[in-house]
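Going letter by letter, the sequence shown gives residues 46 to 286 in this note's numbering.
These notes concern the structure reproduced below.
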Amino acid sequence: APPSRPEPVRLAGGDQIFGVDEDGSPLFGLRPGSQAALDIAASASVSFAAHAPTGGAQAGCAVTLLGSAAEAELPAELAKKLARQTGVGKEELEGRQWWRLAPCHVHFTDALHARDAWVSPDEYAAAQSNPLAESLGAVLAKLNANHATDLARLAGMLQGEAAEAAAPLGEYAAADEETLSAEILSVDPDGFDLGLRPAGKGGAIAPLRIGLRAGPQTREETLSIFSKLFQETYARQQGWQ
Numbered sequence: 046a047p048p049s050r051p052e053p054v055r056l057a058g059g060d061q062i063f064g065v066d067e068d069g070s071p072l073f074g075l076r077p078g079s080q081a082a083l084d085i086a087a088s089a090s091v092s093f094a095a096h097a098p099t100g101g102a103q104a105g106c107a108v109t110l111l112g113s114a115a116e117a118e119l120p121a122e123l124a125k126k127l128a129r130q131t132g133v134g135k136e137e138l139e140g141r142q143w144w145r146l147a148p149c150h151v152h153f154t155d156a157l158h159a160r161d162a163w164v165s166p167d168e169y170a171a172a173q174s175n176p177l178a179e180s181l182g183a184v185l186a187k188l189n190a191n192h193a194t195d196l197a198r199l200a201g202m203l204q205g206e207a208a209e210a211a212a213p214l215g216e217y218a219a220a221d222e223e224t225l226s227a228e229i230l231s232v233d234p235d236g237f238d239l240g241l242r243p244a245g246k247g248g249a250i251a252p253l254r255i256g257l258r259a260g261p262q263t264r265e266e267t268l269s270i271f272s273k274l275f276q277e278t279y280a281r282q283q284g285w286q
């Protein structure tokens, strides 16, 4: 499957604004005449790196793009998203000098699953951003804080039952160790990553990928799917199913 692109919009520092267009190319909004704008204009190539927040479930995950940059127009839809997410007004956004990086080389680091790879620009452009990206942080915090018991129960079921018994959950790889606790690390339309803290591992997280046949596209769908999943797991534990 194509790799996921980084979160579409962010505010970096206090003076540099950037977003990502439909092809995954970052656009930088710089103040005209600023040192950053002068440096980009004088550079034959530009690099861009987006890192997952330190201390988060996906800490260490990153994407790095290398390529050439050219002045560009800010797409109207991206301008609306930037205004909403950064609080910067329309006039200020329009007054920025916008540069678009066209990636020639793309490198992904997936710290969650201990993988890293170079991918082609075409494969990167074909990838889709996670539609849950904007609300995912708050959703994960809510689920992990309010459903620790449900998550531990789910982890126990996935470790203890045969794959056939868990068919409604989709495909997964069962873990071997006794789990002390579990937390949701990430969610996307294809499934979610459940972080297991097994006994004898010194608190290390062992990620378990769980596929969903009809994955969520919105915050509301995410909460609904996990609510049903927790109910189903409890019913199975009680022998009701």
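Glycine is no exception: its CB is placed at the ideal position from the N, C-alpha and C atoms.
Remember, it's a predicted structure, so these values are computed and weren't measured experimentally.
One thing to note: residue 75 has its Cβ within 7 Å of the Cβ of residue 82. Here residue 242 is actually not in contact with residue 231; their C-beta atoms are around 16 Å apart, not less than 8 Å. Setting aside the 5 residues that flank it on each side, residue 77 is surrounded in the same chain by 142, each with a C-beta closer than 6 Å to its C-beta; the list follows chain order. Put simply, the backbone Cα of residue 258 is about 21 Å away from that of residue 201.
One alpha carbon belongs to residue 277, the other to residue 158, and they sit about 27 Å apart.
Between residue 108 and residue 151, the beta carbon gap of about 7 Å places them in contact (Cβ cut-off 8 Å).
In the displayed model, residue 184 falls within a helix according to three-state DSSP. Secondary structure in the stretch 90–155: the alpha helix (DSSP H) runs of 4 residues or longer, each lying completely within the stretch, are 121–131 and 135–140 in chain order. The residue among 84, 160 and 196 with its C-alpha nearest the C-alpha of residue 275 is 196.
One Cα belongs to residue 188, the other to residue 269, and the distance between them is close to 11 Å. No residue range can be given for residue 257, since it is assigned to no alpha helix (DSSP H) and is classified by DSSP as neither H nor E. Secondary structure at residue 272: helix, using DSSP grouped into helix, strand and coil. Judged by DSSP secondary structure, residue 83 falls within the alpha helix (DSSP H) whose first and last residues are 80–86.
Assigned with DSSP and collapsed to three states, residue 172 falls in coil, not helix or strand. Put simply, the backbone Cα of residue 284 is about 30 Å away from that of residue 233. With respect to residue 240, residue 255 sits apart: the two C-beta atoms are not nearer than 7 Å. Burial check for residue 140: the Cβ neighbour count within 10 Å stays below 16, so the residue is exposed. When only Cα atoms are considered, residue 281 and residue 273 end up about 12 Å apart. Residue 129 is not a Cβ neighbour of residue 184, given a cutoff of 7 Å. Around the beta-carbon of residue 238, 16 or more other beta-carbon atoms lie within 10 Å, marking it buried. The Cβ neighbour count for residue 160, taken over all protein chains shown within 10 Å, is under 16; the residue is labelled exposed.
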